[in-house]
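Protein chains in written order, with the working numbering: chain A, 28 to 137; chain B, 714 to 828.
No residue lacks a Cβ here, since even glycine has one placed at the ideal position from N, Cα and C.
Keep in mind that this is a model prediction, so the values were computed, not measured.
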Amino acid sequence: QKEVEQNSGPLSVPEGAIASLNCTYSDRGSQSFFWYRQYSGKSPELIMSIYSNGDKEDGRFTAQLNKASQYVSLLIRDSQPSDSATYLCAPANQGGKLIFGQGTELSVKP
Amino acid sequence: SAVISQKPSRDICQRGTSLTIQCQVDSQVTMMFWYRQQPGQSLTLIATANQGSEATYESGFVIDKFPISRPNLTFSTLTVSNMSPEDSSIYLCSVEVNGLNTEAFFGQGTRLTVV
Chain A
28 QKEVEQNSGP LSVPEGAIAS LNCTYSDRGS QSFFWYRQYS GKSPELIMSI YSNGDKEDGR
88 FTAQLNKASQ YVSLLIRDSQ PSDSATYLCA PANQGGKLIF GQGTELSVKP
Chain B
714 SAVISQKPSR DICQRGTSLT IQCQVDSQVT MMFWYRQQPG QSLTLIATAN QGSEATYESG
774 FVIDKFPISR PNLTFSTLTV SNMSPEDSSI YLCSVEVNGL NTEAFFGQGT RLTVV
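Pasting the structure below:
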């Protein structure tokens, strides 16, 4: 079992729709969770962090965390073509190091 | 966040040679890391750069191949030694600004091609 697994892409959604990105992790000791966005040829950019069970909203982005299920997700509302990128899920392990998933490529079609 | 300057941004190197990548941060940070991102892959942690002591390497990475320096709290270097085409990757410097929450930010990366 991989330490961090994300839903396989590419994920294609029409402009204005909700994009749902999912992630499961194996380390029950993880307490901090991050979502990064990476445009092609660019470095990862931190877009969301979440530390407690439940939802955290920031603009069009909502992160959801369920530690009992070892599951974290990212919802993007009103998706825009500019949201087209690879999204990386990164829990921090008990040592405080980020463990990255393989990423989900999102394509938002106009 | 922090402003992270990484250079060179890209390079093409001959096999058998070495390349040193520099990472400069605009503020003092506790934690600095080096990652590798192979083509089409996600990020893999190479090592944690420790100020004033030897870097801590992850499984599969060794100091002889990837020597790291961290002379102060704002600067680090990663050297890729005795390069082969398999070392062709993007190398990324990362810093944690808030040690409690492990939020990490990345430099723009160094795209290395070994020929």
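Interface partners of residue i on chain A, CB under 7 Å
i: S755(B); result: L115, F127, G128, Q129 and G130
i: G822(B); result: S70
Neighbour list for residue i in chain B, Cβ cutoff strictly below 7 Å
i: K124(A); result: L758
Candidates the options, of which the one nearest residue i by Cα
i: D739(B); options: V827(B), N795(B), G773(B) and L786(B); result: L786(B)
i: D777(B); options: A760(B), S807(B), F788(B) and F746(B); result: A760(B)
i: D110(A); options: L48(A), V31(A), S79(A) and N34(A); result: L48(A)
i: E32(A); options: P71(A), P41(A), D54(A) and I74(A); result: D54(A)
i: Q129(A); options: P71(A), K136(A) and S79(A); result: P71(A)
i: S134(A); options: I45(A), N120(A) and S57(A); result: I45(A)
i: Q719(B); options: V828(B), A762(B) and G820(B); result: G820(B)
i: L38(A); options: P137(A), E132(A) and K136(A); result: E132(A)
i: Q58(A); options: P137(A), G123(A), C50(A) and M75(A); result: G123(A)
i: L791(B); options: F818(B), L825(B) and P798(B); result: L825(B)
i: I803(B); options: R783(B), R749(B), M744(B) and I717(B); result: R749(B)
i: C50(A); options: P41(A), G56(A), F61(A) and Q121(A); result: F61(A)
i: Q741(B); options: F779(B), T757(B), W747(B) and R783(B); result: R783(B)
i: L758(B); options: P721(B), P798(B) and F779(B); result: F779(B)
i: Q121(A); options: I77(A), P137(A), G56(A) and G81(A); result: G56(A)
i: Q764(B); options: Q754(B), M745(B) and L756(B); result: M745(B)
i: S801(B); options: T769(B), G753(B), Y770(B) and V775(B); result: G753(B)
i: L756(B); options: E816(B), V810(B) and L805(B); result: L805(B)
i: I717(B); options: R723(B), D724(B) and C736(B); result: C736(B)
i: A762(B); options: T823(B), V827(B) and V808(B); result: V808(B)
i: A715(B); options: V827(B), V828(B) and E816(B); result: E816(B)
i: Y52(A); options: K83(A), K136(A), P108(A) and S100(A); result: S100(A)
i: K69(A); options: S772(B), F818(B) and M796(B); result: F818(B)
i: P137(A); options: P41(A), S35(A), N80(A) and Y78(A); result: P41(A)
Paired residues, beta bridge with residue i - DSSP
i: A817(B); result: E809(B)
i: E132(A); result: T113(A)
i: V827(B); result: C726(B)
i: E30(A); result: In DSSP, E30(A) forms no bridge with anything.
i: S718(B); result: Q737(B)
i: S39(A); result: S134(A)
Contact set between residue i and chain B, taken where Cβ atoms lie within less than 9 Å
i: L73(A); result: S714, E816, A817, F818 and F819
Per-residue contacts from residue i into chain A (C-beta, under 8 Å)
i: L786(B); result: Those within 8 Å of L786(B) in chain A number zero; the least Cβ separation is about 17 Å.
i: L791(B); result: Chain A residues near L791(B): none, gap ~15 Å exceeds 8 Å.
i: L805(B); result: S70 and P71
Amino acids of chain A, ordered along the chain, whose beta-carbon sits closer than 9 Å to that of residue i
i: L732(B); result: Going along chain A, no residue has its Cβ under 9 Å from L732(B), so there is no contact; the nearest lies around 18 Å.
Closer than 8 Å: residue i CB and nearest the ligand MN heavy atom
i: A112(A); result: The ligand MN is not among the ligands present in this structure, which contains no ligands whatsoever.
Partner residues on chain B for residue i, Cβ-Cβ distance less than 8 Å
i: F88(A); result: None at all; the shortest Cβ gap to chain B is about 15 Å.
Hey, is the segment 86-96 of chain A in contact with the segment 725-739 of chain B, meaning 3+ C-beta pairs nearer than 8 Å?
no
Which runs of the beta strand (DSSP E) fall wholly inside the segment 41-118 of chain A and span at least 3 residues, in chain order?
46-52, 59-65, 72-77, 81-85, 88-93 and 98-103
Count the C-beta pairs between the segment 82-92 of chain A and the segment 100-112 of chain A that are closer than 8 Å, then say yes if the count reaches three, no if not.
yes
Any chance the segment 63-75 of chain A sits against the segment 112-129 of chain A, with 3 or more Cβ pairs inside 8 Å?
yes
Of all the beta strand (DSSP E) runs that stay within the bounds of the segment 727-809 of chain B, which reach a length of 3 or more residues?
732-738, 744-750, 756-762, 781-785 and 788-793
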